[in-house]
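Following: one structure in C-alpha cells, then a few remarks.
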Amino acid sequence: MTDPTRRTILTLGSAGAVGGALALVGCAADAPSPTGAASSPPPTLAEETPAEPSAAPDAPALGDDIAAVADVPVGGSIDATINGEPALIAQPTAGQVVAFSAICTHQQCVVAAAGDEFHCPCHGSMYDAATGDVIQGPALDPLTPIGVAVSGDRIVATS
Ligand code: FES
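Throughout the sequence shown, residue numbering follows my numbering, covering -19 to 139 in sequence.
In C-alpha cells:
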C-alpha cells in the first residue's frame, strides 16, 4: 500500500468536515436556539387539556346554595328542588341537615315531606326523614342521599 498523498488526506479531511457539519446541522435542528427560545412556544396546559365539566350534569355544583337553614324546621323536613330535581331536606337536630332525592325507590313517584318522615302518595311507602331509610313498604330501598352541609345560615351542596 502506498502512503496517502497530501491530496488524498485533504479530500478525506474535507469529506469528514462536511459529514461533521451535517451532523452538527442535524443536531442544531433539534436543539434550542442560542437565545434559549424554541422555534415555537410549547403548548400551554389549556391547549393540551380539553375542558371538562367539574361535576356530573345531574349533581349540584360544590357549594351551590340550596336553601336557608331556617326554612327547615328542627325535627322536621321540607320539599325542595335541587338542580331541577325533586328533593327532600330534613333537620333532625339543630344544625344537622340532610337531603335526599324525592324519587320513591318503589316506582318513582315523588315523595313528600311529612315532619320527621317522608310519605309516598302512590302506594304508601314511608321513609325516615333523618336517614332516608324505609319505615313502611312497599319500597324496599332507602331514598338516595344528596350531599349537603351548613354554611353560615345556608344549606349548600357538598357533592
Ligand atoms: Fe312510592 Fe310506590 S311509588 S310507594
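Glycine residues also receive a C-beta, built at the ideal position from the N, C-alpha and C atoms.
Taking 9 Å as the threshold (C-beta atoms), are residue j and residue i in contact?
{"i": "Asp51", "j": "Ile58", "result": "yes"}
{"i": "Ala47", "j": "Glu65", "result": "no"}
{"i": "Gly43", "j": "Val114", "result": "no"}
Measuring alpha carbon to alpha carbon, tell me which residue in the options is nearest residue i.
{"i": "Thr73", "options": "Phe98, Gly55, Gly132 and Ala48", "result": "Gly55"}
{"i": "Cys84", "options": "Gln76, Leu120, Val78 and Ala70", "result": "Leu120"}
{"i": "Thr111", "options": "Phe98, Pro118 and His86", "result": "Phe98"}
{"i": "Ala95", "options": "Leu68, Gln87, Gln88 and His86", "result": "The amino acid occupying residue 95 in the given sequence is Gly; Ala does not appear at that position. Residue Leu68 is the option with its Cα nearest to Gly95."}
{"i": "Leu123", "options": "Arg134, Val136, Gly132 and Ala109", "result": "Ala109"}
{"i": "Thr138", "options": "Gly127, Gln76 and His86", "result": "Gly127"}
{"i": "Gln87", "options": "Pro118, Pro53, Gly132 and Ala93", "result": "Pro118"}
Just grab the DSSP bridge partners of residue i for me.
{"i": "Ala110", "result": "Answer is none; Ala110 lacks a bridge partner."}
{"i": "Ala129", "result": "Val136"}
{"i": "His99", "result": "Ala92 and Met106"}
Which term fits residue i, buried or exposed, when burial requires 16 or more other beta carbons within 10 angstroms of its beta carbon?
{"i": "Val78", "result": "buried"}
{"i": "Pro101", "result": "exposed"}
{"i": "Gln71", "result": "buried"}
{"i": "Glu91", "result": "Going by the sequence as given, residue 91 is Val instead of Glu. When all chains shown are included, Val91 counts as buried."}
{"i": "Pro125", "result": "exposed"}
{"i": "Ser105", "result": "buried"}
{"i": "Val130", "result": "exposed"}
{"i": "Ala31", "result": "Residue confidence for Ala31 is low, a pLDDT of 40 falling below 50, so the modelled location carries little weight; the figure read from the coordinates is stated next. With fewer than 16 Cβ atoms within 10 Å of its Cβ, Ala31 is classed as exposed."}
Every unbroken beta strand (DSSP E) within the segment 39 to 90, with a cutoff of 3 residues, ordered by chain: Whole beta strand (DSSP E) segments, 3+ residues: 45 to 48, 57 to 62, 65 to 73 and 76 to 81.
Heavy atoms of ligand 2 versus C-beta positions, residues under 5 Å: With respect to small molecules bound, the structure shown includes ligand 1 and not ligand 2.
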